[in-house]
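**Student:**
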Amino acid sequence: MLNNAIDWLSRPFGAGAVKDLPAAVVSASPSGYGAQWANGDAQKALGVAGAKVLENASITVGGRFEIFAETHPKDHAETAAELTGVVSALAAAVQPVAA
1 MLNNAIDWLS RPFGAGAVKD LPAAVVSASP SGYGAQWANG DAQKALGVAG AKVLENASIT
61 VGGRFEIFAE THPKDHAETA AELTGVVSAL AAAVQPVAA
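Going by full-length UniProt numbering, the first residue of the sequence shown is number 1, and it counts up by one from there.
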């Protein structure tokens with residue numbers, strides 16, 4: 001479903017809403033590989049749509065039920081640090097808009 005939304009944002013092709021915008025993907029899944037596969041698919045879709053997918057700015061959290069069983073994601077140090085890195089990378093990649 002997310003891929004459909006990305007496809008809609010890419011229209012008209014070559015001039016869509018995400019063209020040349022920095023993008024990062026954060027994915028989570030109860031299974032070990034679901035987050036990886038979803039992350040890869042979303043990155044590909046964003047790239048085809050014309051977004052500038054940041055190479056080292058993505059998070060995949062597989063086995064999220066086990067990881068967050070007793071800890072809220074914001075209190076999980078590793079996840080919080082990774083998310084901070086992704087947001088920082090996106091902020092650094094944003095270009096000022098000319099007035």
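Idealized CB from N, CA, C, for every residue including glycine.
Between the Cα of Pro96 and the Cα atoms of Ser58, Pro22, Ala5, which residue gives the shortest distance?
**Tutor:** That would be Pro22, whose Cα lies nearest to the Cα of Pro96.
**Student:** Run the CB neighbour count on Ala24, radius 10 Å, all protein chains shown included, and call it buried at 16 or more, exposed below.
**Tutor:** Flag for Ala24 reads buried.
**Student:** Alpha carbon to alpha carbon, how far is Leu54 from Ala89?
**Tutor:** Taking the straight line from one Cα to the other gives about 8 angstroms.
**Student:** Between which two residues does the alpha helix (DSSP H) containing Gly85 stretch?
**Tutor:** Note, Gly85: alpha helix (DSSP H), 77 to 93.
**Student:** Taking a contact to mean a Cβ-Cβ separation below 8 angstroms, would you say Ala28 touches Ala17 in this structure?
**Tutor:** Not in contact: Ala28 and Ala17 (Cβ atoms no closer than 8 angstroms).
**Student:** Do you know offhand how far Ala51's Cα is from Ala45's?
**Tutor:** Going by the C-alpha atoms only, they are around 9 angstroms apart.
**Student:** Where does Leu9 fall in DSSP's three states?
**Tutor:** Note: Leu9 maps to helix in three-state DSSP.
**Student:** Ordered along the chain, which non-local residues of its own chain (more than five positions away) have a Cβ less than 6 angstroms from that of Val26?
**Tutor:** So the list reads Ile59, once near-sequence residues are dropped.
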